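S.K.:
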Amino acid sequence: MPDWFPDSSSRLSEMHQQFLEMLQDGRHMFDTATSVVLAGGDPETIRDDLFTTDQRINKTEQSLRREMVVHGTVHGTSSFPALLVLMSLTKDAERIGDYAKNIFGLARDGANMPTGSRLHELTEIRDRLSKMLVRAHGLFQQQDEVAAKTFIDDAVELQRQCESEVSKLFQVEDRNVAGEVLLLRFFKRVSSHVGNIITSIVVPMDKLDFYPGVPESEQ
Amino acid sequence: MTRPRFETVFRLLLVFALLYAFLVAINLMGSSIKAMGKDTAGGMFDGISNPFAALAVGVLATVLVQSSSTTTATIVGLVGQSGPNALPLATAVPMIMGANIGTTITNTIVSIGHVRQGQEFRRAFAAATVHDFFNLSCVAIMLPIELATGALQKSSVWLTGILSGSSSGAEFESPIKAAVKAAVKAIVNGVESFGLSGQITAVITLIIGIGLTFVCLAYITKNMRVLISGTVERALNNALEKSAAIGVVVGILITIAVQSSSITTSLLVPMCAAGVLSLSNAFPIMIGANIGTTVTGLLASMATETTAGLSIALVHVFFNVIGATLFFTVPALRRFPIRAAEGLAAKAQQNVLWVVAYVFGVFILIPMLGYLILQSVK
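As given, the protein sequences belong to chains B and D, one line each in that order.
Using the numbering used here, you'd call the opening residue of the first sequence number 33 and step up by one each time.
Using the numbering used here, you'd call the opening residue of the second sequence number 5 and step up by one each time.
(1) Cα separation between Ala90/D and Val321/D?
(2) How should Ala249/D be labelled, buried or exposed, when 16 other C-beta atoms within 10 angstroms of its C-beta is the threshold for buried?
(3) Please state if the CB of Val360/D and the CB of Thr112/D are separated by a distance shorter than 8 angstroms.
(4) Using a C-beta to C-beta distance shorter than 8 angstroms, which residues of chain B count as neighbours of Arg126/D?
(5) When DSSP labels each residue in this structure, what does Thr147/B get in the three-state scheme?
(6) Among the residues of its own chain, which have a CB less than 8 angstroms from the CB of Thr95/D, if the five just before and after it don't count?
(7) Within the continuous alpha helix (DSSP H) that includes Gln203/D, where are the two ends?
(8) Can you check which of these residues, Ser233/D, Asn241/D, Met290/D, is closest to Val262/D by C-alpha distance?
(9) Which residues bound the alpha helix (DSSP H) around Ala128/D?
(10) Residues in the stretch 265-279 of chain D with C-beta within 8 angstroms of chain B's C-beta atoms, listed in sequence order?
(11) So Thr268/D and Gly255/D are supposed to be a Cβ contact under 8 angstroms. How far apart are they, rounded?
(12) Measuring only the C-alpha atoms, how far is Val235/B from Asn324/D?
(13) Under 8 angstroms: do the stretch 93-112 of chain B and the stretch 169-187 of chain B share three or more Cβ pairs, one atom per stretch?
(14) Whole angstroms is fine: what's the gap from Ala304/D's alpha carbon to Arg43/B's?
(15) When the cut-off is 8 angstroms and only beta carbons count, does Asn241/D lie next to chain B?
(16) So, for Leu318/D: in the same chain, excluding its five sequence neighbours on each side, which residues have a beta-carbon less than 7 angstroms away from its beta-carbon?
(17) Nearest to Ile212/D by alpha carbon, out of Leu32/D, Thr6/D, Gly102/D, Arg229/D?
(18) What did DSSP end up calling Ala90/D once you bin it into helix, strand or coil?
(19) Considering Cα atoms alone, identify which of Lys239/B, Pro146/B, Ile230/B, Gln49/B is closest to Leu216/B.
(20) Quick check: the stretch 144-163 of chain B against the stretch 205-213 of chain B, are there 3 or more CB pairs under 8 angstroms?
(21) I'd like the list of long-range same chain contacts for Val69/B, defined as Cβ closer than 7 angstroms, with 5 residues on each side in sequence excluded.
(22) Are the CB atoms of Gly301/D and Ile260/D nearer to each other than 8 angstroms?
(23) Since Ile291/D is in the alpha helix (DSSP H), which residue starts that stretch and which ends it?
(24) Taking C-beta pairs closer than 7 angstroms, name the residues in chain B that Ser233/D reaches, listed in chain order.
(25) Looking at the unbroken alpha helix (DSSP H) that takes in Ile229/B, where does it start and where does it end?
(26) What residue ranges within the stretch 34-89 of chain B form continuous alpha helix (DSSP H) runs of no fewer than 4 residues, ordered along the chain?
(27) What does the Cβ neighbour count give for Leu221/D, buried or exposed, with the cut at 16 atoms within 10 Å?
(28) Which same chain residues, not among the five before or five after Thr78/D, have their C-beta less than 7 angstroms away from its C-beta?
(29) Is it buried or exposed, Gly173/D, if we count other Cβ atoms within 10 angstroms and call 16 or more buried?
(30) Here's the rule: buried if 16 or more other CB atoms are within 10 angstroms of the residue's CB, otherwise exposed. What is Arg207/B?
(31) So which residues on chain B does Thr12/D lean against when the C-beta distance must stay under 8 angstroms?
(32) Check for me: the alpha helix (DSSP H) holding Ser35/D runs from which residue to which?
(33) What number of angstroms, rounded off, separates the C-alpha of Leu337/D from the C-alpha of Gln94/B?
(34) Please list the terminal residues of the continuous alpha helix (DSSP H) segment that includes Pro113/B.
(35) Which one of Ser110/B, Leu171/B, Phe51/B, Ser196/B has the shortest CA to CA distance from Ile89/B?
(36) Determine the closest residue to Ala190/D out of Phe367/D, Leu369/D, Phe10/D, Ala29/D, with distance taken between C-alpha atoms.
If you want it as structure tokens, here you go:
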């Protein structure tokens with residue numbers, strides 16, 4: 033039966049759906065860009081797909097912003113907390129796409145990547161992060177607080193690992209590690225943004241982007 | 005949070021009940037003036053026989069109650085009563101035009117909320133005043149023509165004749181009116197049960213009628229706004245970058261649903277301020293709101309004693325539909341309100357005194373002085 037009198041929640045759900053599409057696109061960009069930088073394929077083969085997806089993310093973000101203004105205007109102050117959260121989330125989702133572009137830039141500019149076990153370690157981090165992006169999608173739909181806390185712990189652990197790897201790379205003298213350092217930094221940032229998205233499930237609006245249980249020095 | 009289904013049903017029933025009460029209020033107003041007798045009420049509208057004074061009264065009354073729906077419904081009620089005390093149609097026409105001007109003050113006030121935000125205020129103020137300039141221009145063009153030819157009156161009386169099967173302004177009966185009359189009789193009996201009679205009863209029931217009209221419209225708007233907020237949001241999202249025709253339709257439908265053009269036009273101001281809706285896309289929605297608001301008068305005419313109520317309601321429809329057609333078909337006219345609003349907004353951004361001078365001058369000082377001067381030279 034059609035809903036003749038939809039309330040504010042139905043439109044908000046649709047906006048959340050659009051945000052999830054942004055997140056899905058971000059994951060696609062991340063997977064595509066990292067596969068080229070780590071497997072050493074021709075960056076030109078993914079350029080069009082990557083930039084088309086990025087444009088779609090940007091357009092969805094802009095469209096969501098317009099819809100948020102309309103939603104806030106029509107439904108008034110009661111809608112503001114949800115809209116402010118969504119505004120922050122879309123920014124995080126958009127940044128994931130941006131970092132995927134930066135990763136693509138590493139491949140395009142021919143950044144040196146390690147081989148052997150070191151490459152395997154980086155690929156393992158990439159795989160974990162890619163799975164986290166998929167998990168984040170499902171978690172946001174389910175709004176599962178327990179799973180969200182586990183997710184945040186995983187994100188923090190991954191960020192710490194990236195930081196630690198970068199520190200170790202500063203000691204390396206026998207090869208060019210600039211590309212590797214940047215890639216790890218980008219992994220950390222992607223992990224941070226997807227973690228920010230999941231904080232919206234467990235923390236109040238003013239604590240958004242701050243991980244519960246993590247020391248202030250690490251926030 | 006999802007709205008429970010019972011709340012939706014309750015609000016819908018409430019709206020129907022309020023609509024009925026609104027019709028009762030309109031009929032009560034008319035019957036009260038009729039009951040006042042010729043001596044008391046006969047001179048009531050003599051003071052506004054000058055069309056420009058009537059225009060000023062329309063502006064001031066609407067500014068005062070912040071609702072053109074209330075003003076037009078009251079005018080329809082006063083025109084549509086039977087007997088010698090009815091507000092003459094010729095006097096009511098400029099009053100209806102004045103109500104159109106007066107109603108635009110609401111979104112202008114809404115735009116002032118953005119006054120500290122430079123460009124944002126400029127866009128908000130332009131969005132608010134484009135409606136003002138459109139309505140002022142319509143009156144500037146159509147009032148002189150109406151005074152010279154009486155075209156609006158004649159055509160509405162002609163159409164009333166066709167719709168009601170009588171062009172004489174005679175009384176006509178409908179089942180709705182019978183149901184309304186029963187309630188009116190009950191209210192009058194209720195007032196008389198306090199031992200009151202004659203003109204005192206008439207004055208009290210007139211006050212009840214005016215108050216009830218205002219309250220009913222306010223609560224119809226409030227409930228409908230809650231009920232259709234999701235639909236309004238969808239419609240506005242669709243109208244953001246669509247054609248002018250869609251904008252007009254969206255404006256008409258939202259305004260009919262919420263029974264308030266001010267609500268529709270005020271929603272557009274923050275959207276324009278944020279830059280998500282352009283002035284040229286907001287303008288058709290506002291014109292649609294002007295047309296949509298005429299439904300209130302048509303509803304009110306269902307409760308009036310004579311077909312003259314329908315005639316003045318149709319004048320309101322014709323005035324707004326012709327105005328919209330004129331401004332959409334003549335490109336120069338269409339550009340004028342937008343350019344004027346942008347020009348004024350630029351001045352207002354530079355100096356806030358422009359805002360004060362504009363709002364006070366157009367909506368209060370000029371109508372008031374105009375009314376007083378015209379009264380003194382009568």
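All C-beta atoms in this analysis are idealised placements derived from N, C-alpha and C, irrespective of residue type, glycine included.
Since the model is a prediction, treat every value here as computed from it, not as a measurement.
M.R.: Result, derived from the coordinates:
(1) About 21 angstroms.
(2) Taking every protein chain shown into account, the CB of Ala249/D has fewer than 16 other CB atoms within 10 angstroms, so this residue is exposed.
(3) Annotated as distal: Thr112/D and Val360/D, with beta-carbon spacing of 8 angstroms or more.
(4) Chain B residues near Arg126/D: none, gap ~17 angstroms exceeds 8 angstroms.
(5) If DSSP states are grouped into helix, strand and coil, Thr147/B belongs with coil.
(6) Cβ within range, chain order: Phe49, Ile52, Ser53, Pro55, Ala58.
(7) Segment 202-231, the alpha helix (DSSP H) holding Gln203/D.
(8) Among Ser233/D, Asn241/D, Met290/D, the Cα nearest to that of Val262/D belongs to Ser233/D.
(9) Per DSSP, Ala128/D belongs to the alpha helix (DSSP H) from 122-153.
(10) With the criterion set as a beta carbon lying under 8 angstroms from some beta carbon of chain B, the members of the stretch 265-279 of chain D are Leu271, Pro274, Met275, Ala278, in sequence order.
(11) Right, the Cβ-Cβ distance comes to about 6 angstroms (below 8 angstroms), so this counts as a contact.
(12) One Cα belongs to Val235/B, the other to Asn324/D, and the distance between them is close to 52 angstroms.
(13) With the rule of 3 Cβ pairs closer than 8 angstroms, the stretch 93-112 of chain B does not count as touching the stretch 169-187 of chain B.
(14) C-alpha of Ala304/D to C-alpha of Arg43/B: approximately 34 angstroms in a straight line.
(15) Using beta-carbon distances, Asn241/D counts as an interface residue toward chain B, with a partner under 8 angstroms.
(16) Same-chain partners within the cutoff: Ser160, Leu163, Thr164.
(17) Taking only the C-alpha atoms, the option nearest Ile212/D is Leu32/D.
(18) In this structure, Ala90/D counts as coil in the three-state DSSP scheme.
(19) Considering only alpha carbons, the answer is Pro146/B.
(20) Output reads yes: the stretch 205-213 of chain B touches the stretch 144-163 of chain B.
(21) Answer for Val69/B: Ile135, Leu138, Ala139, Met145, Leu215, listed in chain order.
(22) No, the Cβ-Cβ distance between Gly301/D and Ile260/D is not below 8 angstroms.
(23) Per DSSP, Ile291/D belongs to the alpha helix (DSSP H) from 283-296.
(24) The answer, in chain order, is Asp39, Ser40, Val106, His107.
(25) For Ile229/B, the uninterrupted alpha helix (DSSP H) segment begins and ends at 210-234.
(26) Annotation note: the stretch 34-89 of chain B contains the following uninterrupted alpha helix (DSSP H) runs of length 4 or greater, listed N- to C-terminal: 40-71.
(27) Buried: at least 16 other Cβ atoms inside 10 Å.
(28) Closer than 7 angstroms at Cβ, skipping near neighbours: Met33, Ile214, Thr217.
(29) Unreliable placement is indicated for Gly173/D, whose pLDDT of 49 sits below 50; no coordinate value is reported for it.
(30) By the neighbour-count rule (16 or more Cβ atoms within 10 Å), Arg207/B is not buried but exposed.
(31) Within 8 angstroms Cβ-Cβ: Phe37.
(32) Taken as a continuous stretch (DSSP letters only), the alpha helix (DSSP H) holding Ser35/D covers 9-40.
(33) Their backbone Cα atoms lie some 33 angstroms apart in a straight line.
(34) Per DSSP, Pro113/B belongs to the alpha helix (DSSP H) from 112-140.
(35) The option with the nearest alpha carbon to Ile89/B is Phe51/B.
(36) Closest option to Ala190/D, Cα to Cα, is Ala29/D.
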